[in-house]
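*Asks:* Just passing along the structure, written as structure tokens.
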Amino acid sequence: MPDPPIVTRFAPSPTGHLHIGGARSALFCWAFAAGLKNLGLDGRFMIRIEDTDQARSSDESARGILEDLAWLGIEWDDGPELRLGSGRTVGGDSRGVGPYFQARRVATYNAYAEDLIRRGRAYPAFETSEELEARRKAAVAAKRTYRFERPGDLVAGEFPRGRWERAVKGERHVVRFLSPREEVVVPDRVLGDVRIAPGELDDFVIRKADGFPTYHFAVVIDDELMGVTHVMRAQEHLANTPRHVAMQKALARLDTGAPFRTPEYAHMPLIFNMDGTKMSKRDKAKAARKAAKDATTKGATPASLAGACGLEEGPVAGFLAAEHDRLDVAEALARHLKVTLPEIEVWDFRRNGYLPEVITNFIALLGWSSGLKDGQGKDVEKFDMRFLAEHFSIERIGRTNARFDRAKLLAFNADAIKGMEDGAFASRWWSWLGEHEPEAASTVRRAFGDDPPASPRLVMLGRALKPRARTLREALAAARFALVGDDAYDFDQAAVAKHLQGEGGRGLDLVRQVRERLAGLGDGEFTPDQVHAIAEQLAQQSGAGMGAVSQAVRVAVTGAGVSPGIGETLAVLGKASTLARLDRCLRACVV
RNA sequence: GGCCCCAUCGUCUAGUCCGGUCCAGGACGCCAGGUUCUCAUCCUGGAAACAGGGGUUCGAAUCCCCUUGGGGUCACCA
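Residue numbers (numbering that gives the first Met the number 0): 0 to 590.
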């Protein structure tokens, strides 16, 4: 018989998008399993959806989370099936331990709860939420630590017959676990043994009044039944783990009678914002509110903002007053005020033009490092998924919380973009545009043909964009000059005055001369090098200098003083557009 | 507040397990130069950390203790 598989799992609750911290947890679990596969072992990465909160869970969220994972390249062996764009399917239940949605496993949890009750390790409890809340308040008022106090009629190991009968008759109740009275030890591969003194654990709820298991209970049952051997998750779960260990010691499998095993635990450090606060989607609302408030000090009103955003005044006013954090309002305000909301969820990064391989690389560095140095003794910190799988180990997970440094992420993303082949960049940018900026995509199609990445001019544009864009979205901003119609761009008056009209219109004169020389170039000769050579020639012959010529032409064809190199700028536009723009400038900017 | 976890440049970290090669290395950011037709890119250089105090030791960033600081968690949410 082959060795049983080594199984890691990521178990998100489908109540929103995939958080960047969740992505890191998933990544480490994936890397561990993938590393075992490299060694020829049966390592498996599993996904389970923890949807026991009926009110907050949704199928759309579950699907979104799976798609974001797949986009990052974090693919699972076991779990819900997802069909990729390529037609390939990830997930599935080849081990036969599903279903992977906890809401579909309620019967199993109930069977285990009943077994626990019959063996005197759990009991129905009838206190109402209100009662409990009152007790909690009283404890806080008396400055006592609140713990649920075990009713006096219970004896560990004895079936609570009276309570059971009340419960069976339909009396509303929860089921509580009868916590052990001895020390609980959580063996953790990152932190070492964590010991909890006797009496620290109270009798916590394992089944809610609605019949659904609590998180703690479902996790313990599922991890055992699904063969999970390694639980790697964020440190925020550490304090819960003693409960899990305590339950594992009390539970036995209904099918084989074997006691539950305690998996290997590895709790990883948390990820925070640069200011030390938790990274939360609320940050987006905060940022939008701040921008909106700045705008109101400059004269905007809730009504004017609402109008500009196409929203009702009520929600906007409420948002400004921090009565709610509606994301749609935050995003509309951000769009209008041209501020970028902080990226918190994978989807945010994706939409803003970060590369998946950069994100996985960067988050892998938060709480883990390979410890390897390159030939010059520098830390190896740029790597791909393959490297991660090969070098990941639990031993090298750190213990200290990390802050999410957006500047460094941006730098990594910028480097990755710079390092792309021209053609690769063009096609990735194009597909990003199609997905996230459809309007710009159709403009690109108009300007560069039906298959833009195949257009030499678009590839040329891409080459010019790469060093100027840290994200695919920034590339769009840098490309605007080429996407606007030949007669549709505005002239920056200051730039016109300085570079065209100044010194008695010398700039305009240079534009005229450039236009003449450019007109002599054949279509096939309209390359960055040829165009640049012409500009340089004129710069020399006229004695004006390259700066004067370039800036004059630049302002003439783009309206502003900033664009890629002058040769590239004109070549990307092409001969016809360049001449049309030059002519337009000559008409529009005469003194 | 109880319980638990953590502690190297502003940030991510190497070095800590197996004290000496560390007056602590790298990356991002920052500062100063340089290249350049603008903006970027690129190149060179620089400032920048072992939280504090006690031990142990010939010797401590590395081991022990205390203090301080940070964080997590205390739900019929996961």
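Cβ coordinates follow ideal geometry from the N, Cα and C atoms, glycine included.
Kindly indicate which three-state DSSP category D191 falls into: helix, strand or coil?
*Replies:* For this step, residue 191 is matched to residue 192 along the first sequence. Correcting the residue identity first, residue 191 is Gly in this sequence and not Asp. In this structure, G191 counts as coil in the three-state DSSP scheme.
*Asks:* DSSP on R55, reduced to helix/strand/coil?
*Replies:* Within the first sequence, residue 55 is the residue found at index 56, counting from 1. Of the three classes helix, strand and coil, the one that applies to R55 here is coil, per DSSP.
*Asks:* For L409 and F361, I'd like the C-alpha separation in whole angstroms.
*Replies:* Start at 1 with the first residue of the first sequence, and residue 409 comes out as number 410. Start at 1 with the first residue of the first sequence, and residue 361 comes out as number 362. So the two alpha carbons sit approximately 10 Å from each other.
*Asks:* Need the endpoints of the alpha helix (DSSP H) that F31 sits in, please.
*Replies:* Numbered from its first residue, the first sequence carries residue 31 at position 32. It spans 19 to 37 - the alpha helix (DSSP H) in which F31 sits, taken as one unbroken run.
*Asks:* With DSSP as the reference, label P11 as helix, strand or coil.
*Replies:* As a working mapping, residue 11 is identified with position 12 in the first sequence. Three-state result, P11: coil.
*Asks:* Are D77 and R103 closer than 8 Å when you measure CB to CB?
*Replies:* Stepping through the first sequence from its first residue, residue 77 is reached at position 78. Stepping through the first sequence from its first residue, residue 103 is reached at position 104. Going by C-beta atoms, D77 is not nearer than 8 Å to R103.
*Asks:* Is D373 buried or exposed, if buried means 16 or more other CB atoms sit within 10 Å of its CB?
*Replies:* Working through the first sequence from its first residue, we reach residue 373 at position 374. By the 10 Å Cβ count, D373 comes out exposed.
*Asks:* Would you tell me roughly how many angstroms separate the C-alpha atoms of E263 and M419, rounded to the nearest one?
*Replies:* Position 264 of the first sequence, counted from the start, is the residue given in the question as residue 263. Position 420 of the first sequence, counted from the start, is the residue given in the question as residue 419. Going from the Cα of E263 to the Cα of M419 covers about 40 Å.
*Asks:* Starting from F176, trace the beta strand (DSSP E) in both directions and tell me its first and last residue.
*Replies:* In the first sequence, residue 176 corresponds to position 177, counting from 1. Unbroken beta strand (DSSP E) run through F176: 173 to 176.
*Asks:* Leaving out five residues on either side along the sequence, give the residues of the same chain with a beta carbon under 6 Å from the beta carbon of G156.
*Replies:* Taking the first residue of the first sequence as position 1, residue 156 is located at position 157. G119, listed in sequence order.
*Asks:* In three-state DSSP terms, what is I362?
*Replies:* Stepping through the first sequence from its first residue, residue 362 is reached at position 363. Helix.
*Asks:* Check whether the stretch 312 to 324 and the stretch 343 to 352 touch, using three or more Cβ-Cβ pairs below 8 Å as the test.
*Replies:* Flag = no, the stretch 312 to 324 and the stretch 343 to 352 do not touch.
*Asks:* Is the beta carbon of F27 within less than 7 Å of some heavy atom of the ligand FMN?
*Replies:* This structure lacks the ligand FMN; in fact it carries no ligand of any kind.
*Asks:* Apart from the five residues just before and just after V530, which ones in its own chain have a Cβ nearer than 6 Å to its Cβ?
*Replies:* Here residue 530 corresponds to residue number 531 of the first sequence, with the count starting at 1. Excluding positions up to five away in sequence, the list reads G566, L569, A570.
*Asks:* Do you know how far the Cα of P455 is from the Cα of L581?
*Replies:* Stepping through the first sequence from its first residue, residue 581 is reached at position 582. Stepping through the first sequence from its first residue, residue 455 is reached at position 456. The straight-line gap from Cα to Cα measures roughly 22 Å.
*Asks:* So, at 6 Å on beta carbons, what are the nonlocal neighbours of G317 in its own chain, with the 5 sequence-adjacent residues on each side left out?
*Replies:* The residue labelled residue 317 in the question sits at position 318 within the first sequence. So the qualifying residues of the chain are H323.
*Asks:* Does A401 come out as helix, strand or coil in the three-state DSSP assignment?
*Replies:* Taking the first sequence and counting its residues from 1, the one referred to as residue 401 is at position 402. Three-state DSSP puts A401 in a strand.
*Asks:* Please classify K283 as buried or exposed, where buried requires at least 16 neighbouring CB atoms within 10 angstroms.
*Replies:* In the first sequence, the residue the question calls residue 283 occupies position 284. So K283 ends up on the buried side.
*Asks:* Would DSSP call T88 helix, strand or coil?
*Replies:* Here residue 88 is taken as the residue at index 89 of the first sequence, counted from 1. T88: strand per DSSP, three-state reduction.
*Asks:* Taking 8 Å as the cut-off, decide whether the C-beta atoms of A287 and A321 are in contact.
*Replies:* Against the first sequence, residue 287 aligns to sequence position 288. Against the first sequence, residue 321 aligns to sequence position 322. Contact: no.
*Asks:* Looking only at C-alpha atoms, which of Q247, G34, F211 sits nearest to L224?
*Replies:* Translated into the one-based positions of the first sequence, residue 224 becomes position 225. Residue Q247 is the option with its Cα nearest to L224.
*Asks:* If you measure between the beta carbons of F411 and N272, is that distance less than 8 Å?
*Replies:* Taking the first residue of the first sequence as position 1, residue 411 is located at position 412. Taking the first residue of the first sequence as position 1, residue 272 is located at position 273. Contact flag unset, no.
*Asks:* Report yes if the C-beta distance between V552 and V513 is below 8 Å; otherwise report no.
*Replies:* Along the first sequence, read from residue 1 onward, the residue named residue 552 stands at position 553. Along the first sequence, read from residue 1 onward, the residue named residue 513 stands at position 514. Yes, the pair counts as a contact, with Cβ atoms nearer than the cut-off.
*Asks:* Counting C-beta neighbours from all protein chains within 10 Å, is the total for T295 16 or more, i.e. buried, or is it exposed?
*Replies:* Residue mapping note: residue 295 aligns to position 296 of the first sequence, counting from 1. With fewer than 16 other Cβ atoms within 10 Å, it is exposed.
*Asks:* State the Cα-Cα distance for the pair Q234 and H266, rounded to the nearest angstrom.
*Replies:* Within the first sequence, the letter at position 235 stands for residue 234. Within the first sequence, the letter at position 267 stands for residue 266. The alpha-carbon atoms of Q234 and H266 are separated by roughly 5 Å.
*Asks:* Considering only C-alpha positions, which residue in the set V227, G275, I270 is nearest to R260?
*Replies:* In the first sequence, counting from the first residue as 1, residue 260 sits at position 261. Of V227, G275, I270, the residue nearest in Cα terms is V227.
*Asks:* Tell me which residue opens and which closes the beta strand (DSSP E) that R206 is part of.
*Replies:* Taking the first residue of the first sequence as 1, we reach residue 206 at position 207. R206 -> beta strand (DSSP E) spans 204 to 206.
*Asks:* Express the C-alpha separation of E356 and K381 in angstroms, rounding to a whole number.
*Replies:* Within the first sequence, the letter at position 382 stands for residue 381. Within the first sequence, the letter at position 357 stands for residue 356. Each residue's Cα considered, the two are about 10 Å apart.
*Asks:* Considering only C-alpha positions, which residue in the set W75, D522, L517, G34 is nearest to I46?
*Replies:* For this step, residue 46 is matched to residue 47 along the first sequence. Measuring from the Cα of I46, the nearest candidate turns out to be W75.
*Asks:* Give me the Cα-Cα distance between A575 and C584, rounded to the nearest whole angstrom.
*Replies:* Here the question's residue 575 lines up with position 576 in the first sequence. Here the question's residue 584 lines up with position 585 in the first sequence. Going by the C-alpha atoms only, they are around 14 Å apart.
*Asks:* Would you tell me roughly how many angstroms separate the C-alpha atoms of K417 and H18, rounded to the nearest one?
*Replies:* One-based indexing of the first sequence puts residue 417 at position 418. One-based indexing of the first sequence puts residue 18 at position 19. Spanning the two alpha carbons is a distance of roughly 27 Å.
*Asks:* Jot down the residue ranges of each uninterrupted beta strand (DSSP E) in the stretch 215 to 295, minimum 3 residues, whole runs only, in chain order.
*Replies:* The stretch 215 to 295 contains these whole beta strand (DSSP E) runs: 229 to 233, 263 to 267.
*Asks:* Do F147 and D202 have their CB atoms nearer than 8 Å?
*Replies:* Taking the first sequence and counting its residues from 1, the one referred to as residue 147 is at position 148. Taking the first sequence and counting its residues from 1, the one referred to as residue 202 is at position 203. Cβ atoms of F147 and D202: closer than 8 Å.
*Asks:* Can you give the Cα-Cα distance for G210 and D114, rounded to whole angstroms?
*Replies:* Taking the first sequence and counting its residues from 1, one reaches residue 210 at position 211. Taking the first sequence and counting its residues from 1, one reaches residue 114 at position 115. Distance between the alpha carbons of G210 and D114 is about 15 Å.
*Asks:* Would you report the Cα separation of D508 and E535, rounded to the nearest angstrom?
*Replies:* Taking the first sequence and counting its residues from 1, the one referred to as residue 508 is at position 509. Taking the first sequence and counting its residues from 1, the one referred to as residue 535 is at position 536. If I take the Cα positions, the gap works out to 15 Å.
*Asks:* Could you tell me whether the Cβ atoms of L40 and I5 are closer together than 8 Å?
*Replies:* Taking the first sequence and counting its residues from 1, the one referred to as residue 40 is at position 41. Taking the first sequence and counting its residues from 1, the one referred to as residue 5 is at position 6. Closer than 8 Å, so yes.
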